[in-house]
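In my numbering, the protein residues as written are -7 to 121. All residues carry an ideal CB built from backbone N, CA and C; glycine is no exception.
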């Protein structure tokens, strides 16, 4: 799935605009342990917040797609550094972390319309505490 590969290449480059180019205007973003956000501007705000608090690079990315091209999934390893304390989470002191993650996607006309991301928050918390 070309659009998923472009999305993750932009993520790893820290290129928020590149990620947004992969999304439909009405994208729905389901955040792990967070609220659902609708639309590109809310997605942008989320990414800007994440880039302030975390530096992450995804490796071992494997993309799966369903017949018909309307749904896809990916699993990956998150390699990160906790840069700035995020609300309600442990204090940031430049800790590094590594954990498995995954995302599910809905697709329409070559664009991502839904992103659902999962990782183990308890694992992350234990690594940075």
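C-beta contact flag for residue i and residue j at 8 Å
{"i": "residue 18", "j": "residue 105", "result": "yes"}
{"i": "residue 55", "j": "residue 66", "result": "yes"}
{"i": "residue 24", "j": "residue 109", "result": "yes"}
{"i": "residue 0", "j": "residue 50", "result": "yes"}
{"i": "residue 93", "j": "residue 70", "result": "yes"}
{"i": "residue 156", "j": "residue 11", "result": "Residue 156 is absent from the model: the chain starts at -7 and stops at 121."}
Selected residue, minimal CA-CA separation from residue i, among the options
{"i": "residue 86", "options": "80, 119 and 69", "result": "119"}
{"i": "residue 20", "options": "33, 61 and 115", "result": "33"}
Bridge partner(s) assigned by DSSP for residue i
{"i": "residue 54", "result": "67"}
{"i": "residue 46", "result": "74"}
CB-CB length for residue i against residue j, believed under 8 Å
{"i": "residue 68", "j": "residue 52", "result": "6 Å"}
Quiz item: Mind pulling the alpha helix (DSSP H) runs of 4 or more residues that sit fully within the segment 61 to 95?
Solution: Runs of the alpha helix (DSSP H) spanning 4 or more residues and lying entirely within the segment 61 to 95 do not occur at all.
Quiz item: Taking the runs of the beta strand (DSSP E) that are 3 residues or longer, which of them lie wholly in the segment 6 to 46?
Solution: 15 to 22 and 28 to 30
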